[in-house]
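Working notes, beginning with the structure itself.
There are 2 protein chains.
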Amino acid sequence: MQFTDCAACPLRPRPMFLPFTPEELAFMRGFKTGERLVPRGGIVLAQGETSPHLYTALDGFGTRSILLEDGRRQVINFVFPGDFIGLQAGLMGEMRHTIQASTPMRLCTFRREELWTLFRDRPDRAYDLTWIAAVEEHFLGETITTLGQRDATEKVAWALARIWQRLVALGLGDGSAVPLPFRQHELADALGLSPVHTNRTVTVLRGLGILRWTRGRLEILAPARLFALAGLPQAHEERRPLM
Amino acid sequence: MQFTDCAACPLRPRPMFLPFTPEELAFMRGFKTGERLVPRGGIVLAQGETSPHLYTALDGFGTRSILLEDGRRQVINFVFPGDFIGLQAGLMGEMRHTIQASTPMRLCTFRREELWTLFRDRPDRAYDLTWIAAVEEHFLGETITTLGQRDATEKVAWALARIWQRLVALGLGDGSAVPLPFRQHELADALGLSPVHTNRTVTVLRGLGILRWTRGRLEILAPARLFALAGLPQAHEERRPLM
DNA sequence: CGGCAGCTTGACTACGGTCAATGACCGTGG
DNA sequence: CCACGGTCATTGACCGTAGTCAAGCTGCCG
Numbered sequence: 015m016q017f018t019d020c021a022a023c024p025l026r027p028r029p030m031f032l033p034f035t036p037e038e039l040a041f042m043r044g045f046k047t048g049e050r051l052v053p054r055g056g057i058v059l060a061q062g063e064t065s066p067h068l069y070t071a072l073d074g075f076g077t078r079s080i081l082l083e084d085g086r087r088q089v090i091n092f093v094f095p096g097d098f099i100g101l102q103a104g105l106m107g108e109m110r111h112t113i114q115a116s117t118p119m120r121l122c123t124f125r126r127e128e129l130w131t132l133f134r135d136r137p138d139r140a141y142d143l144t145w146i147a148a149v150e151e152h153f154l155g156e157t158i159t160t161l162g163q164r165d166a167t168e169k170v171a172w173a174l175a176r177i178w179q180r181l182v183a184l185g186l187g188d189g190s191a192v193p194l195p196f197r198q199h200e201l202a203d204a205l206g207l208s209p210v211h212t213n214r215t216v217t218v219l220r221g222l223g224i225l226r227w228t229r230g231r232l233e234i235l236a237p238a239r240l241f242a243l244a245g246l247p248q249a250h251e252e253r254r255p256l257m
Numbered sequence: 015m016q017f018t019d020c021a022a023c024p025l026r027p028r029p030m031f032l033p034f035t036p037e038e039l040a041f042m043r044g045f046k047t048g049e050r051l052v053p054r055g056g057i058v059l060a061q062g063e064t065s066p067h068l069y070t071a072l073d074g075f076g077t078r079s080i081l082l083e084d085g086r087r088q089v090i091n092f093v094f095p096g097d098f099i100g101l102q103a104g105l106m107g108e109m110r111h112t113i114q115a116s117t118p119m120r121l122c123t124f125r126r127e128e129l130w131t132l133f134r135d136r137p138d139r140a141y142d143l144t145w146i147a148a149v150e151e152h153f154l155g156e157t158i159t160t161l162g163q164r165d166a167t168e169k170v171a172w173a174l175a176r177i178w179q180r181l182v183a184l185g186l187g188d189g190s191a192v193p194l195p196f197r198q199h200e201l202a203d204a205l206g207l208s209p210v211h212t213n214r215t216v217t218v219l220r221g222l223g224i225l226r227w228t229r230g231r232l233e234i235l236a237p238a239r240l241f242a243l244a245g246l247p248q249a250h251e252e253r254r255p256l257m
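Keeping their order, the protein sequence lines are chains A and B.
In this text, residue positions in the first sequence follow the numbering used here: the first is 15, and each later residue adds one.
In this text, residue positions in the second sequence follow the numbering used here: the first is 15, and each later residue adds one.
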């Protein structure tokens, strides 16, 4: 199968990612074993599954979610290009959540067994991997804080601010607006709100002149007000390593 | 300062922790630089702080929490003996949450700068550290699911089931009851409920004959019903590495 | 043009929050 | 030894945010 050489990776040169050393690049070229395409709505990794592969999202968007027996669903967070997928399966043996594509996705594939090689031979890459896990841990803590302490308006503002921040960092969007690949239903599942109340809340933010959101296009008219509501500093994220 | 030699660690022999190889033991003896005592209510690490130390909780209990500007507080999770503290400070430079002692705590201290040595020289220990981060990540996902999807009764049942499970795994408790070092107020902050409603909910569980909880002592009368309410399998946790 | 997915709005309900008072237990000092 | 104050748990009355049910609406694709 033909696939993108890491040397020509479309993601890595973007300003939000840390550059590779030549040694890292060489290692990652060997680490990457191929690519995989997942259609919109498709399952990348399923809860309970042991996967022989780990992934990095190369293009497209998705959700990580936990499904309860009775059908309730919680979106843990959203998956963006550059995100590493499957650390749990790699280390703990089995996925504890499901990753589903919200848009068509293109993934770089790695062999799970090579993970130990990475720790043994490339402490710099192992460090980066742990750094990614620590940042993710912090983000989940922020999510818990949002679900536990903030009301519906603050919740929606927080989620849209975080998503917008990330999309802008990725270089998507044309200055005033970004393409928003998630549905209100997914936002509701991420915030523990009903779809109906999520919609009402978005309507309120629209009415306040803070944003516009129609047909997969999100425009932030008053970023300062959005971030204030979200309880976030209006700063750009730190650059992150890419796996 | 006099402190416990890792060879005589009171924690490591317990069944919930994986054993050390002789090499690991030797390394950890060098990695550990001392101990620290924190009184009840004391701050182990403060949000925003850059700490020169990392810790493993040797004895006592605490909370990790995020404080908002307006005084709201979210307990992210609880800290038990054997937990590693400060990975964020170690990797990301600055703590994003506060760790506070709910009981007097005794901590093993490590030097932050040695973390890179660990990755370079001990890939097995680096792997364990990442494993710990991945397990924590999964646990936070479960917490998000609880806060987002479950009602107050399920929330309280989940938290008490998880805490009980952990205390029993640590070998605390005398078969029927465990010492519960947290206050209802902290449980409320962990679940995003008001203290009043948390209390009412505990009262309901008591009325159902599922548990007793008085004066720091928790007795589970009907574990099966508690775990069913919590949406958890009634299994013991996997053994975990100790840092 | 029909069907479907996703968004929007209205009416009613209920879970959990808030405010406030009381109670139980414990350590301290007179 | 008991009175006091503090912390934490408990209970009652009332209120408000968000959930539920249900009906339309919009835009898109076949």
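Every residue gets a Cβ at the ideal spot worked out from N, C-alpha and C, and that includes glycine.
Owing to the predicted nature of the structure, the values given are computational and were not obtained by experimental measurement.
Euclidean distance between Cα positions of residue i and residue j
| i | j | result |
| --- | --- | --- |
| Thr131(B) | Leu105(B) | 13 Å |
| Leu51(A) | Pro118(A) | 7 Å |
| Ile146(B) | Pro255(B) | 7 Å |
| Gly230(A) | Phe92(A) | 15 Å |
| Leu25(A) | Leu72(A) | 7 Å |
| Arg78(A) | Gly107(A) | 17 Å |
| Arg164(B) | Cys23(B) | 39 Å |
| Pro53(B) | Gly74(B) | 10 Å |
| Val218(B) | Thr228(B) | 14 Å |
| Ala238(B) | Ala171(B) | 11 Å |
| Ala202(A) | Gly162(B) | 10 Å |
| Asp19(A) | Ala148(B) | 29 Å |
| Gly55(A) | Arg253(A) | 30 Å |
| Gln179(A) | Leu32(A) | 18 Å |
| Arg43(B) | Ala21(B) | 8 Å |
| Ala129(B) | Glu38(B) | In the sequence on display, residue 129(B) carries Leu and not Ala. Approximately 15 Å between the Cα atoms of the pair. |
| Phe34(A) | Lys46(A) | 15 Å |
| Val89(B) | Phe94(A) | 28 Å |
Closer than 8 Å to chain B by CB, residue i
| i | result |
| --- | --- |
| Glu150(A) | yes |
| Tyr69(A) | no |
| Ala242(A) | no |
| Met30(A) | no |
| Leu174(A) | no |
| Pro66(A) | no |
| Gly223(A) | no |
| Arg134(A) | yes |
| Met106(A) | yes |
Residue j beta carbon less than 8 Å from that of residue i
| i | j | result |
| --- | --- | --- |
| Thr70(B) | Leu121(B) | yes |
| Ile99(B) | Gly155(A) | no |
| Ala204(B) | Ala166(B) | no |
| Glu233(A) | Ala191(A) | yes |
| Gln114(B) | Gly76(B) | yes |
| Met30(B) | Glu251(B) | yes |
| Leu59(A) | Gly245(B) | no |
| Met109(A) | Glu151(A) | no |
| Gly187(B) | Pro195(B) | no |
| Gly48(A) | Thr123(A) | yes |
| Lys169(A) | Thr159(A) | no |
| Ala236(B) | Gly221(B) | no |
| Arg28(B) | Leu184(B) | yes |
Chain A contact for residue i (CB, 8 Å cutoff)
| i | result |
| --- | --- |
| Ala140(B) | yes |
| Gln179(B) | no |
| Ala147(B) | yes |
| Gly155(B) | yes |
| His274(B) | With chain B represented from 15 up to 257, any question about residue 274(B) goes unanswered, as that position is not in the structure. |
| Arg110(B) | yes |
| Arg253(B) | no |
| Ile90(B) | yes |
| Gln248(B) | no |
Sequence-distant residues of its chain with Cβ nearer than 7 Å to residue i (five each side left out)
| i | result |
| --- | --- |
| Arg136(A) | Phe41 |
| Val182(B) | Val192 |
Beta-carbon proximity list for residue i, same chain, < 8 Å, skipping 5 on both sides
| i | result |
| --- | --- |
| Arg126(A) | Ser65, Pro66, His67, Leu68, Gly100, Ala103 and Gly104 |
| Gln198(A) | Pro209, Thr212, Asn213 and Val216 |
| Arg134(A) | none |
| Asp97(B) | Thr70 and Ala71 |
Same chain only: Cβ atoms within 6 Å of residue i, ignoring 5 sequence neighbours per side
| i | result |
| --- | --- |
| Arg139(B) | Leu132 |
| Phe241(A) | Ala175 and Gln248 |
| Thr112(B) | Ala60, Gln61 and Ser79 |
| Arg226(B) | Glu233 |
Residue i Cβ short of 7 Å to the ligand HEM heavy atom set
| i | result |
| --- | --- |
| Arg239(A) | Looking for the ligand HEM in the displayed structure turns up nothing, as the structure carries no ligands at all. |
For this session: Jot down the residue ranges of each uninterrupted beta strand (DSSP E) in the segment 24-64 of chain A, minimum 3 residues, whole runs only, in chain order.
Result: 46-52 and 57-59
For this session: Within the segment 67-147 of chain B, note down every full alpha helix (DSSP H) run reaching 4 residues or more, in order along the chain.
Result: Qualifying alpha helix (DSSP H) stretches, in chain order: 101-106 and 128-135.
Exercise. Which runs of the alpha helix (DSSP H) fall wholly inside the segment 206-244 of chain B and span at least 4 residues, in chain order?
Worked result: The DSSP assignment places 209-221 and 237-244 as complete runs of the alpha helix (DSSP H) inside the segment 206-244 of chain B, in order along the chain (cut-off: 4 residues).
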